[in-house]
Every structure is written in C-alpha cells, then in structure tokens.
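Asker: As numbered in the working numbering, residues 1211 to 1463 make up the sequence shown, in order.
C-beta atoms are modelled at their ideal positions from N, C-alpha and C, and glycine is treated no differently.
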Amino acid sequence: MAEKIILTADLYDNAVTEKKGDYTAKAAITGTLRNEQIADRIVAKRTEYRKETIVNILDMADQEKIEAIAENKSVIDGVGQYLLNILGAFDGEKAPFDPVKHKLSATFIPSKKLRDRLSDVQVQTRPAITGPVINSITDSTTGELNGLLTSGSAAVINGSNIKVAGDAENVGVFLVPTGGDPLKCPLLIHNNPSQLTVMLPTLTDGEYTLSITTQSGAGNKLVKDPRTYTFPVLLYVGEKPGGDDEDDRPVIE
C-alpha cells in the first residue's frame, strides 16, 4: 500500500477579487527530483538493476519522448499525456508562423494513475506568512519567461510584496548557483511591491535559483525580521545542463 502523503498549502489573500475572505492556495515545494534521484528511489526498493542502468534508461526515454513530441505525436506514459500546442494569435487565415509572436509548447494532461494518487493526498492548509511571493521572471534581452537568463542583463520579476527594503545584510535579490554561494543583483532599476526590474550579476553558465529577501511590510513599514521567498523554478544561464542552448524542462501550460 502506498505511503500516505501529507501536503502543506499556504493560503494567500486573493488579490484579483474584491470578495472579502477569498484566498488562494500555493502548495509548499518539498524538493526537486531529477532522473538520478528517481533512480535512487527505484534502487531503494531493491530492484535488481544498477542505478547507472536506470538513469541511462530514463535519460534515453526522455530523449525519445522529446523527439516524438517535436514530431507532433501524442506521447502517453504513466504520468500523463503530452501534446504539442502553438501559442500566440495569428493575423488572418493565411498568416505564417512568426517565431517572434508564436511559440511551440506542450500541454500536459495527468494520467488516471496520477489523478488517483493525488486524490489520496491529504492537504493541510495554513495561513501564509505575509511576505514576498515571486510569480515569474522575464529576461529583458530575450523575452524568455522563467527560463534562460542573460548574464549582466536586466530582468523583470513579477509577484506580490516583493519590494526590496531594509538594511539587514541579507536583504536583496539573489541568484544562487547550484552548489554555490548567492550572487546579489547589483542594481534595482524599479522597485515596486508587485514588480521589480533588476540588473543581473555576472553569471557563469549553469543553473540558478532566484530568491528575494526583504523587510518590506504592509503600509510601507519595515518588519524586524527579513522575509525570504525562493522561486521554485530552476533558471539557466548559457548552455543548459546536458549540452545545447535550449532549456531542458518541458513548458507545461
């Protein structure tokens, strides 16, 4: 029998409605798994296969699925169904595909197994600590959303309660390389509660985590203890891990 999963969800005031007492929930991220960690979990269940063999098979399966989706095939696995889609509006029935306006993406539909497993998850809600919440980051050079960043370029961060304020040493906007030390953004171009424009620090190729630490509170008052929010989406600079210039994570709409 599968182990019972307890999910923690933070409740935030719904800023897009005028209804009093209307809240939205954000599930608290508990970690990130790649194929290596998936292999570890399989090995822990006493499979006869070596971890390296499992990782190799998972990697090959990923690549074959990627190629099939790019060929506009419907790909179905135990997790769900993946379908190619096209984003962006076209001007007229004969309008060509314009890479500037249009984008190929993928839609994910959860499988019955996943839906059944989610139905067994126990959700515990809690009031969210009023602090910064990052919704997205856009690279100003390329227009890339929640993906590749340009070293030393400007970026726009959207969210709530993200105004950077306070004189604590750890206040600021940071990019943290995997396995490395935080790098502080050297300049805040715009600094508002719902949107920041920052100048990114000099970043070497690799993957990064974005975080904001601020003492900004309600009514432009400062709180005593800094509050930090870490964006759960991994960001990249330069070549993606694995060797080419495209982000290796599926964009799920």
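Give me the Cα-Cα distance between V1285 and T1412, rounded to the nearest whole angstrom.
Answerer: Translated into the one-based positions of the sequence shown, residue 1285 becomes position 75. Translated into the one-based positions of the sequence shown, residue 1412 becomes position 202. Near 39 Å, if we compare the C-alpha coordinates of T1412 and V1285.
Asker: Are L1398 and T1407 touching if we call contact CB-CB under 9 Å?
Answerer: For the purposes of this step, residue 1398 is identified with residue 188 of the sequence shown, where counting begins at 1. For the purposes of this step, residue 1407 is identified with residue 197 of the sequence shown, where counting begins at 1. Against a cut-off of 9 Å, the Cβ pair of T1407 and L1398 comes out as a contact.
Asker: In terms of residue numbering, what span does the alpha helix (DSSP H) encompassing K1322 cover?
Answerer: Residue 1322 sits at position 112 when you count from the first residue of the sequence shown. From DSSP, the alpha helix (DSSP H) with K1322 extends over K1322 to S1329.
Asker: Run through DSSP, which three-state label would K1431 get?
Answerer: Against the sequence shown, residue 1431 aligns to sequence position 221. The answer is coil: DSSP assigns K1431 none of H, G, I, E or B.
Asker: Check the C-beta distance from A1238 over to T1218 and give it rounded, since I have them as a contact under 8 Å.
Answerer: Here residue 1238 corresponds to residue number 28 of the sequence shown, with the count starting at 1. Here residue 1218 corresponds to residue number 8 of the sequence shown, with the count starting at 1. With a Cβ gap of about 4 Å, A1238 and T1218 count as contacting.
Asker: Would T1348 and V1366 be called neighbours here (beta carbons separated by less than 9 Å)?
Answerer: By one-based count along the sequence shown, residue 1348 stands at place 138. By one-based count along the sequence shown, residue 1366 stands at place 156. Going by C-beta atoms, T1348 is nearer than 9 Å to V1366.
Asker: On a CA-only basis, which of R1336, P1320 and P1337 is nearest S1329? Give me that one, please.
Answerer: As a working note, residue 1329 is residue 119 in the sequence shown. Comparing alpha carbon positions, the residue from R1336, P1320 and P1337 closest to S1329 is P1320.
Asker: In three-state DSSP terms, what is V1443?
Answerer: If you number the sequence shown from 1, residue 1443 lands on position 233. Correct three-state label for V1443: coil.
Asker: Excluding the five sequence neighbours on either side, which residues of its own chain have a C-beta within less than 6 Å of the C-beta of I1215, listed in chain order?
Answerer: For the purposes of this step, residue 1215 is identified with residue 5 of the sequence shown, where counting begins at 1. Only V1331 meet the Cβ criterion.
Asker: For D1220, report the span of its beta strand (DSSP E) as first-last.
Answerer: On the sequence shown, residue 1220 is found 10 positions in, with the first residue counted as 1. Unbroken beta strand (DSSP E) run through D1220: I1216 to D1223.
Asker: If you follow the alpha helix (DSSP H) that V1265 is part of, which residue opens it and which one closes it?
Answerer: Here residue 1265 is taken as the residue at index 55 of the sequence shown, counted from 1. Residues K1261 to A1280.
Asker: Do you know offhand how far D1308's Cα is from D1301's?
Answerer: Position 98 of the sequence shown, counted from the start, is the residue given in the question as residue 1308. Position 91 of the sequence shown, counted from the start, is the residue given in the question as residue 1301. Here the C-alpha atom of D1308 lies approximately 11 Å from the C-alpha atom of D1301.
Asker: For the beta strand (DSSP E) that contains D1349, what are its first and last residues?
Answerer: Residue numbering aside, residue 1349 sits at position 139 when the sequence shown is read from its first letter. Note, D1349: beta strand (DSSP E), V1343 to D1349.
Asker: Taking only the alpha-carbon atoms, compute the straight-line gap between V1333 and R1244 and give it to the nearest angstrom.
Answerer: Locating residue 1333 in the sequence shown gives position 123, where the first residue counts as 1. Locating residue 1244 in the sequence shown gives position 34, where the first residue counts as 1. Rounded to whole angstroms, V1333 to R1244 spans 24 Å at the Cα level.
Asker: Should R1327 and A1235 be called a contact, given that it needs their Cβ atoms to be closer than 9 Å?
Answerer: By 1-based counting over the sequence shown, the position of residue 1327 is 117. By 1-based counting over the sequence shown, the position of residue 1235 is 25. Their beta carbons are not under 9 Å apart, which means R1327 does not touch A1235 by this criterion.
Asker: Shortest alpha-carbon distance to L1293 belongs to which of N1266, T1317 and I1252?
Answerer: Along the sequence shown, read from residue 1 onward, the residue named residue 1293 stands at position 83. Per the Cα distances, T1317.
Asker: Flag this pair as yes or no: are the beta carbons of S1361 and T1414 separated by less than 9 Å?
Answerer: In the sequence shown, residue 1361 corresponds to position 151, counting from 1. In the sequence shown, residue 1414 corresponds to position 204, counting from 1. Going by C-beta atoms, S1361 is nearer than 9 Å to T1414.
Asker: Who does A1305 pair with in a DSSP beta bridge?
Answerer: Numbered from its first residue, the sequence shown carries residue 1305 at position 95. DSSP lists no partner for A1305.
Asker: Going by beta carbon distance, what residues of the same chain come within less than 7 Å of G1341, once the five residues before and after it are set aside?
Answerer: Here residue 1341 corresponds to residue number 131 of the sequence shown, with the count starting at 1. Around G1341: N1371, R1437 and Y1439.
Asker: Go ahead and pull the three-state DSSP assignment for E1449.
Answerer: By 1-based counting over the sequence shown, the position of residue 1449 is 239. Residue state, collapsed to three classes: coil.
Asker: Buried or exposed for G1376, going by 16 or more other Cβ atoms inside 10 Å?
Answerer: For the purposes of this step, residue 1376 is taken as the residue at position 166 of the sequence shown. So G1376 counts as buried.
Asker: May I have the straight-line CA-CA distance separating S1404 from Q1291, to the nearest angstrom?
Answerer: Start at 1 with the first residue of the sequence shown, and residue 1404 comes out as number 194. Start at 1 with the first residue of the sequence shown, and residue 1291 comes out as number 81. Cα to Cα, the separation comes out at about 35 Å.
Asker: Which of the three DSSP states, helix, strand or coil, is assigned to R1244?
Answerer: One-based indexing of the sequence shown puts residue 1244 at position 34. DSSP places R1244 in coil when its eight states are reduced to three.
Asker: Which residues in the same chain have their Cβ closer than 8 Å to the Cβ of R1336, if we skip the five residues on either side of it in sequence?
Answerer: Stepping through the sequence shown from its first residue, residue 1336 is reached at position 126. Around R1336: T1218, A1219, D1220 and L1221.
Asker: So T1424 and V1381 are supposed to be a Cβ contact under 8 Å. How far apart are they, rounded?
Answerer: As a position in the sequence shown, residue 1424 is number 214, starting the count at 1. As a position in the sequence shown, residue 1381 is number 171, starting the count at 1. Contact holds; Cβ gap of about 6 Å.
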